[in-house]
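Heads up, the thing below is written out as structure tokens.
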Amino acid sequence: MSDKDAWPMLLAERTWGPWKLGIALATAAAATWCYLIGEYVGLYLDFFQGSLALAAGSMIGMLLVLLAAGPPCIRYGIESVASTLPQFGTRGWIVPLLMQLVSIVGWNSLLLIFFAKSLSQLLAVLGWVPPGIAMVRIVPVATALACTLVFCVLLRGASGVSRIANILVLHVLIGLWMLYLLVSHRWPELAAARPTLASPDRLWNYTTGVEIGISSLLSWWAYIGAMIRMAPHGRTVALPVMLGMGAPVPLLSLIGIAGILVLKSSDPSEWLRTVGGPLYAVIALSFVAAANLGTAIAGIYASATGLRNFRILERLPWWVLLLVTILPVALVGIAIPELFFARFGAFLAFIGVGFAPLCGIQIADYFLLRRRRIDIRAVYERGSSGAYAYWAGFNPAALTALAAGCAIYVWLLNPLTYASHGPYRFVTASLPAAFGAGLLYVLVTRWLVIPAGRGGYAALLREGAP
Amino acid sequence: MLSGRPEVSPAPAAPVAPADLPERLAALESGTACGEDFDRASWIWLWLLGVAVPVLLLLAGWWAG
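Structure follows, in structure tokens:
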């Protein structure tokens with residue numbers, strides 16, 4: 001089945017309707033990271049402003065991702081990494097693949113460790129294991145169990161993702177119930193709560209809330225192609241992506257904003273016991289475990305299909321490829337969970353920086369330069385004579401634009417220290433990084449790539465574009 | 001092979017897709033096995049949810065703050 005490889009899927013194989021896609025996307029989007037995202041926003045903004053800034057940023061970020069990877073994935077049934085071949089070239093696509101791999105492996109290691117910790121806490125709350133033993137001995141075992149579960153579910157390919165999503169989507173409702181609990185029990189405190197790290201500059205705080213929303217949703221680039229290629233049309237995809245994937249993150253992040261503002265903890269499994277006793281703690285821990293498992297399944301699936309772009313992995317049995325994808329996650333979760341937790345934030349901050357310019361490059365190329373046409377055969381021709389061979393398989397326009405976009409982002413906002421420069425407070429960091437990278441890509445392509453007759457633009461020129 | 005078959009539909013019918021990459025590429029190039037890009041209604045939703053609603057949310061949040 002082609003839903004287990006990186007080959008383009010044909011219309012007859014792409015049978016997911018809007019509901020099925022929306023549920024799968026919502027299950028993938030709703031995970032522990034929502035609390036972390038909410039926590040960051042709650043450090044700079046109060047509940048009301050934080051909610052609106054985060055929601056706005058999330059929808060903008062979702063639109064960027066959908067416009068970047070969406071059209072080629074929907075049209076040709078390819079996944080996110082394959083959609084970058086026209087821009088990065090027949091060897092240069094390894095750069096987006098590495099970004100996808102590092103992002104997904106990193107996120108999923110975090111999620112599965114969270115899953116394991118939640119399971120350990122759950123067992124401790126239920127009194128089935130002594131609390132002291134739980135973290136040290138059970139986390140590695142629970143991580144291994146989670147990896148095994150993910151492996152078994154994904155043996156069925158995309159249908160496994162869909163089946164598990166139909167069950168796990170319930171956790172989104174539990175999340176909303178937790179939010180209701182916190183808001184209804186602690187509304188006066190929540191309304192009066194002030195963020196602890198707020199800058200004296202109101203606009204800076206507000207922009208930072210928006211930026212956190214945009215940059216968080218940009219990491220969906222890694223996931224989106226593998227999911228939306230299961231649907232046949234743009235009209236089947238637009239609403240499920242914007243509402244199913246774009247809306248749950250800001251919605252569930254409200255739990256994190258409220259938690260950090262009122263109880264100084266964004267993790268509901270910590271504060272729900274305080275609010276509602278052991279029963280609520282059990283529900284919260286079950287929620288966290290289910291949420292993270294659903295997202296990890298979608299992530300490992302996207303990552304495995306992305307790896308199929310390597311010729312050497314193209315014909316590997318699906319179960320072997322799954323093992324190859326899950327193994328790094330399992331090793332991190334079993335061997336170095338605490339070390340990974342300690343270093344993860346800094347590591348991931350720089351990963352996120354790359355997705356804004358990547359989106360800018362894809363949007364500029366597909367809509368401005370190629371006028372919504374790509375050569376699907378050239379995407380899969382890896383020789384030196386193909387349209388996307390560029391120079392030795394690399395497109396200098398894409399690599400230069402990506403580097404410039406990353407530099408713009410880091411200059412505007414250091415993602416580690418949150419020190420900002422220039423017009424950041426008016427324009428965020430992600431949007432200028434995406435715009436700058438897209439603009440530079442267009443300029444270098446027009447001045448260097450097109451005159452050199454590379455990139456397949458000559459054929460488009462003959463047909464009247466660009 | 002898709003050649004010689006009637007145009008495939010997106011209905012969840014029996015899988016008629018060819019297994020090999022060259023056949024897939026040929027089917028996609030012929031246009032019969034391609035999906036459709038965003039239509040007018042999709043663009044309206046994208047503009048509404050990705051631009052108009054965020055702008056309104058931002059304005060509401062700023063004025064309320």
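Line order of the protein sequences matches chains A and B. The letter at position 23 of the first sequence is residue 23 when you use the numbering used here, and the numbering goes up by one with no holes. The letter at position 60 of the second sequence is residue 60 when you use the numbering used here, and the numbering goes up by one with no holes. Ideal placement from N, C-alpha and C gives every residue a C-beta, glycine not left out. All of these numbers come straight from a predicted model, not from anything done at the bench.
{"Item": "Cβ-Cβ distance between residue 72(A) and residue 374(A) below 8 Å", "Value": "yes"}
{"Item": "Extent of the continuous alpha helix (DSSP H) to which residue 396(A) belongs", "Value": "396–412"}
{"Item": "Spatially closest choice to residue 183(A) from 98(A), 48(A) and 281(A), by CA coordinates", "Value": "48(A)"}
{"Item": "Touching by the beta-carbon criterion (3+ pairs, under 8 Å), the region 351–371 of chain A and the region 72–84 of chain A", "Value": "yes"}
{"Item": "Residues sharing a beta bridge with residue 36(B), DSSP", "Value": "233(A)"}
{"Item": "Residues in the region 418–447 of chain A having any Cβ partner in chain B nearer than 8 Å", "Value": "none"}
{"Item": "Residue 211(A) and residue 429(A) closer than 8 Å at C-beta", "Value": "yes"}
{"Item": "Any chain A beta carbon closer than 8 Å to residue 65(B)", "Value": "yes"}
{"Item": "Residue 491(A) to residue 313(A) span [Cα, whole Å]", "Value": "Summary: the structure shown does not reach residue 491(A), with chain A confined to residues 1 through 466, and so no result is reported for it."}
{"Item": "Pairwise C-alpha distance: residue 279(A) and residue 233(A)", "Value": "44 Å"}
{"Item": "Beta-carbon proximity of residue 151(A) to residue 326(A), cut-off 8 Å", "Value": "yes"}
{"Item": "The region 43–56 of chain A: positions lying closer than 7 Å to chain B by Cβ", "Value": "48, 49, 52, 53, 55 and 56"}
{"Item": "Integer Cβ distance of residue 246(A) from residue 59(A), believed to fall under 8 Å", "Value": "5 Å"}
{"Item": "As assigned by DSSP and simplified to three states, the class of residue 467(A)", "Value": "Given that chain A is displayed from residue 1 to residue 466, the structure contains no residue 467(A) and the question cannot be resolved."}
{"Item": "Whole-angstrom distance between residue 180(A) and residue 377(A), CA atom to CA atom", "Value": "52 Å"}
{"Item": "Span separating the alpha-carbon of residue 196(A) from that of residue 311(A)", "Value": "51 Å"}
{"Item": "Residue interval of the alpha helix (DSSP H) (run including residue 107(A))", "Value": "94–125"}
{"Item": "As assigned by DSSP and simplified to three states, the class of residue 10(B)", "Value": "Here the model assigns residue 10(B) a pLDDT of 42, short of 50, so the residue's position is not dependable, and the following value carries that caveat. Three-state result, residue 10(B): coil."}
{"Item": "Where residue 42(B) meets chain A, residues with beta-carbon distance less than 7 Å", "Value": "234, 235 and 238"}
{"Item": "Continuous beta strand (DSSP E) assignments of at least 3 residues falling wholly in the region 279–364 of chain A", "Value": "none"}
{"Item": "Within 8 Å, strictly: CB atoms of residue 355(A) and residue 221(A)", "Value": "yes"}
{"Item": "CB contact below 8 Å: residue 303(A) versus chain B", "Value": "no"}
{"Item": "Proximity below 8 Å, CB of residue 216(A) to CB of residue 249(A)", "Value": "yes"}
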